[in-house]
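Asker: Sharing a structure here in structure tokens format.
In the numbering used here, the protein residues as written are 758 to 935.
This is the structure:
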């Protein structure tokens, strides 16, 4: 997967341990996220996230990327291809720099990603947001994600699993679970 195709506006590239300071600065600037999804970000947690994989996946399936305007990191995203099933991309993390929020940047980036993944044949994108985080819930609902279910085994918080269908097919019709 060519991550540079994720955006026409920004340079997108895989992040490495050399980018930890920039990722940390971006994440630390978003304290509301970590109030709802503890613990607070650390440099060590970023390094762990860069390597974290769901069961059955390898690093070849993981794309921990940064969106750059010149040398400035404006967004971070963790994407796992074909997870939990083929044809489904899973967004494990997405965050924009606080200074860009409320200006449509995040929605524009998700729109570009959606178009890119649809062009690659993906049927849907899934992700999770912390139940009770109004900022995250509003953002994902506004961008066309529909709740599928709420998990209750995530430590101090519940997670709403959401999905955005990229193509219409019986295989991707979401089943809402209260």
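Even glycine gets a Cβ: it sits at the ideal position worked out from N, Cα and C. Just so you know, these numbers come straight off a predicted model, no measurement behind them.
Please work out which residues of its chain come closer than 6 Å, Cβ to Cβ, to residue 761, disregarding the five sequence neighbours upstream and downstream, and give them in chain order.
Answerer: Same-chain partners within the cutoff: 769.
Asker: Between 795, 822 and 909, which has its C-alpha nearest residue 759's C-alpha?
Answerer: With distances taken between Cα atoms, residue 759 lies closest to 822.
Asker: Could you pull out every unbroken beta strand (DSSP E) segment of at least 3 residues lying fully inside the stretch 864-898, listed in chain order?
Answerer: For the stretch 864-898, whole beta strand (DSSP E) runs of length 3 or above, ordered along the chain, are 881-887.
Asker: Spell out the partners DSSP gives residue 904 in its beta bridges.
Answerer: Beta-bridge pairing links residue 904 to 919.
Asker: Per DSSP, what are the beta-bridge partners of residue 823 in this structure?
Answerer: According to DSSP, residue 823 bridges with 770 and 833.
Asker: Mind checking which residues open and close the beta strand (DSSP E) that includes residue 851?
Answerer: Residues 845-853.
Asker: Which stretch, first to last residue, makes up the alpha helix (DSSP H) that contains residue 789?
Answerer: That run of the alpha helix (DSSP H) goes 788-793.
Asker: So that I know if they touch, is there some Cβ in chain C lying closer than 7 Å to that of residue 923?
Answerer: Absent from the structure is chain C; it holds one protein chain and no more.
Asker: With a CB to CB cut of under 7 Å and the five nearest residues on each side skipped, what residues in its chain are close to residue 909?
Answerer: Closer than 7 Å at the Cβ level, and outside the excluded window around residue 909, lie 915.
Asker: Once the 5 residues before and after residue 795 are set aside, which same chain residues still bring their CB inside 7 Å of it?
Answerer: 913, listed in sequence order.
Asker: Tell me, to the nearest whole angstrom, how far the beta carbon of residue 764 is from that of residue 866; I am working on the premise that it is less than 8 Å.
Answerer: Yes, they are in contact, since the Cβ atoms of residue 764 and residue 866 sit about 6 Å apart, within 8 Å.
Asker: Compute the Euclidean distance between the alpha carbons of residue 831 and residue 845, then round it to the nearest angstrom.
Answerer: Approximately 25 Å, taken between the alpha carbons.
Asker: Less than 7 Å between C-beta atoms, sequence neighbours within five positions excluded: which residues of the same chain meet that for residue 873?
Answerer: Here the set comprises 762 and 763.
Asker: Using 8 Å for Cβ pairs, my map puts residue 896 next to residue 863. What's the rounded Cβ distance?
Answerer: With 8 Å as the limit, residue 896 and residue 863 qualify as a contact, their Cβ atoms being about 6 Å apart.
Asker: Expressed to the nearest angstrom, what Euclidean distance is found between the alpha-carbon atoms of residue 891 and residue 815?
Answerer: Roughly 33 Å between the two C-alpha positions.
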